[in-house]
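Undergrad: Before we start, here is the structure in question, set down as structure tokens.
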Amino acid sequence: MAWTKSPQSLIDLFDKSVPSGANISRRKMFGYPAAFANGNLFIGLHQNDFVMRLSEKDRARFTTEFGERTFEPMKGRPMREYVRLPEELLADADKRAFWINLSLQYAEAIAPNATSAKKKQPPRSMKRSRA
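Structure representation (structure tokens):
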């Protein structure tokens, strides 16, 4: 099953919601806009969902306030630290900013996720030929 593109209105909301900072970078994840702190994904989009990463304590609080909203990009494969934002948070900039700040703090507190260097391939002339 092919994923659907996020609506432009959600992309615009995401763009307005990404905090600024020297340690924050933006790139695509699963082909959707995403924001990273120290190389760790903390907020992003997936189809019609705005998702964020939260600590265990903050996820419990989030679940108490908004119900179970675990992010599951593929059926049976939940990303357990991530939740889907409800319409209530999409509509309220202040509440959304509060939760995004918690997500950012969590991403900054975990070990930086270094970008892995690609393995260098030996030049073709160095590869063994098949005899």
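Per our numbering, numbering through the sequence shown is continuous, rising by one, with the last residue being 114.
Even glycine gets a Cβ: it sits at the ideal position worked out from N, Cα and C.
Note that the structure is a prediction, hence the values are computed from the model and not measured.
What do you reckon, is the C-beta of Y65 under 7 Å from a heavy atom of the ligand SAH?
TA: Among the ligands in the structure shown, none appear at all, so the ligand SAH cannot be discussed.
Undergrad: Quick check on this structure: which residue in F81, N84 and H29 has the alpha carbon closest to the alpha carbon of R67?
TA: H29
Undergrad: Can you list, in chain order, the residues of its chain whose CB lies under 6 Å from that of F(-3), leaving out five sequence neighbours each side?
TA: Excluding its 5 nearest sequence neighbours in each direction, F(-3) has C-beta neighbours in its own chain below 6 Å: P16 and L28, listed in chain order.
Undergrad: Starting from L68 and walking both ways along the alpha helix (DSSP H), at which residues does that stretch end?
TA: Unbroken run through L68: none, as it is neither H nor E.
Undergrad: With a 10 Å radius around its C-beta and 16 neighbouring C-beta atoms as the bar for buried, classify F54 as buried or exposed.
TA: buried
Undergrad: Below 8 Å on the Cβ atoms is my contact criterion, and I expect F25 with R36 to pass it. Report the Cβ-Cβ distance as a whole number of Å.
TA: 5 Å
Undergrad: What did DSSP end up calling K11 once you bin it into helix, strand or coil?
TA: strand
Undergrad: Tell me whether L37 sits in a helix, a strand or coil according to DSSP, three-state version.
TA: coil
Undergrad: Note down the Cα distance separating W82 from E71, rounded to an integer number of angstroms.
TA: 12 Å
Undergrad: So, with DSSP's three-state summary, where would you put E51?
TA: coil
Undergrad: With a threshold of 6 Å on Cβ separation, who are the neighbours of E48 within its own chain once the five nearest residues in sequence on each side are excluded?
TA: none
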